[in-house]
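Student: For the sequence shown, the numbering used here begins at 1476 and goes up steadily by one. Even for Gly, the Cβ is constructed at its ideal location relative to N, Cα and C.
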Amino acid sequence: MGITKLRVSLATLGAVGPAIGVILASYAGCNKAAVATLFTVGMGLMGFVYASLRVNSLDLSPNYSGTIMAIVNGLGSISGMVAPVLVGGLTPNRTLEEWRLVFWVMAVVLVTSNFFFVFWGSGEIQYWNEPPKNTNIQEEKNKKTNTNGTQPIKEVYRNYTNEIDMNTLSK
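Right, here's the structure in full:
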């Protein structure tokens, strides 16, 4: 199994599992044990998201994974701002039917976002992972002297400490 298929499989398990769990829990009525079990199992299955979507930025671009993760987490935090307002609007009387609608919305969001990842997601390194080669930067790295012909301070310090170590070792 390739990395893309693995990520897609785990993402599907981590999205569809919780969706099914919350929908079934909303139809369990007042059976507290069934509701608690369905929520626990459903949300437990969401752990597969960490082995798929959470590490996917490292798959796509090891060089820019931090930036990708920052953008994804920033966009993902919007749901944390929208959800309380949406839930408050959908549950003015806090009835079971109103909460069932909230869980259906959650299930639709999970399955729809998974749908996009299944068809357009990837686990392969992208072409834009490698930064462009700039010969001027490489030439600067290859230079060992400053413009006035002396060695950079870092080089002088490195040479000085090497001499001290050699003198100490020879005694």
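Pick out whichever of W1603, G1504, V1510, G1522 has its Cα sitting closest to the Cα of R1482.
Tutor: Nearest of W1603, G1504, V1510, G1522 to R1482, Cα basis: G1522.
Student: Would DSSP call E1572 helix, strand or coil?
Tutor: In the structure shown, E1572 sits in a helix (DSSP, three-state: H, G or I).
Student: Quick one: grab the DSSP three-state call for A1494.
Tutor: In this structure, A1494 counts as helix in the three-state DSSP scheme.
Student: Which residue comes first and which comes last in the alpha helix (DSSP H) that contains V1530?
Tutor: First-last for V1530: undefined, no H or E at that position.
Student: Tell me whether V1524 is buried or exposed, calling it buried when 16 or more other Cβ atoms sit within 10 Å of its Cβ.
Tutor: Flag for V1524 reads buried.
Student: Give me the residue from K1608, S1597, N1604 with the minimum Cα distance to T1542.
Tutor: Nearest option by C-alpha distance: N1604.
Student: When you compare the CB positions of G1551 and L1520, do they come within less than 8 Å of one another, or not?
Tutor: Going by C-beta atoms, G1551 is not nearer than 8 Å to L1520.
Student: Do S1588 and A1490 have their C-beta atoms within less than 8 Å of each other?
Tutor: Yes. Within cutoff.
Student: For S1532, is the classification buried or exposed, using 16 other Cβ atoms within 10 angstroms of its Cβ as the cut-off for buried?
Tutor: Buried.
Student: Roughly how many angstroms separate the alpha carbons of T1515 and L1488, rounded to a whole number?
Tutor: Roughly 15 Å between the two C-alpha positions.
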